Amino acid sequence: MKKTDSLPQSIPELHALILALQEEKLSLKKENATLKQNYERVLEQFRLAQQQRFSRSSESNVLQMELQFDEADAIPAVELPTEENTLTITYTRNKPKRRPLPDDLPREVIEHDIPEHDKHCACGCLKQRIGEEV
1 MKKTDSLPQS IPELHALILA LQEEKLSLKK ENATLKQNYE RVLEQFRLAQ QQRFSRSSES
61 NVLQMELQFD EADAIPAVEL PTEENTLTIT YTRNKPKRRP LPDDLPREVI EHDIPEHDKH
121 CACGCLKQRI GEEV
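According to UniProt numbering, the sequence shown is numbered sequentially starting from 1.
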């Protein structure tokens with residue numbers, strides 16, 4: 001801070017100095033406010049970029065969850081008139097069935113066999129044939 005010796009001694013000069021300091025203070029406050037706004041804006045852009053780059057890519061976003069509209073609270077409950085003679089129709093769906101192949105189609109049975117030395121396992125027992133029931 002300045003020494004008191006360098007301050008003006010006359011009252012009008014002191015008033016002018018006080019007014020100049022107040023104007024400087026106001027301009028610095030305005031500049032500070034604009035800098036804070038710019039900082040907040042840049043910080044929000046950074047957070048949004050980080051979220052878009054590194055967060056989950058699904059629709060369930062934490063920020064979106066806070067903004068959801070809750071219809072149950074906003075719309076008042078309306079009682080619907082109940083009818084005592086309501087008719088309820090129920091049925092079961094038929095499962096789709098696989099139709100068998102026509103009998104006139106030729107059928108060929110192809111058996112794939114392995115060599116005799118592969119039909120025995122390491123212990124010497126005969127391996128069981130797959131699809132063959134004993």
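Glycine included, C-beta positions come from ideal geometry on N, C-alpha and C.
Computed from a predicted model, the values in this text were never measured in an experiment.
| Item | Value |
| --- | --- |
| Express the C-alpha separation of Pro-96 and Asn-85 in angstroms, rounding to a whole number. | 34 Å |
| Would DSSP call residue 140 helix, strand or coil? | There is no way to answer for residue 140, as the model of the chain reaches only from 1 to 134. |
| With DSSP as the reference, label Leu-48 as helix, strand or coil. | helix |
| Nearest-angstrom Cα distance between Leu-56 and Asn-32? | Checking the displayed sequence, the identity of residue 56 turns out to be Arg instead of Leu. Near 36 Å, if we compare the C-alpha coordinates of Asn-32 and Arg-56. |
| In three-state terms, what does DSSP make of Leu-28? | helix |
| Leaving out five residues before and five after Leu-105 in sequence, what residues of the same chain have Cβ atoms less than 8 Å from its Cβ? | none |
| Pull up the distance between the alpha-carbon of Arg-129 and that of Thr-92, whole angstroms please. | 42 Å |
| Please state whether DSSP places residue 196 in a helix, a strand or coil. | Beyond the ends of the chain as shown, which are 1 and 134, falls residue 196; an answer cannot be given. |
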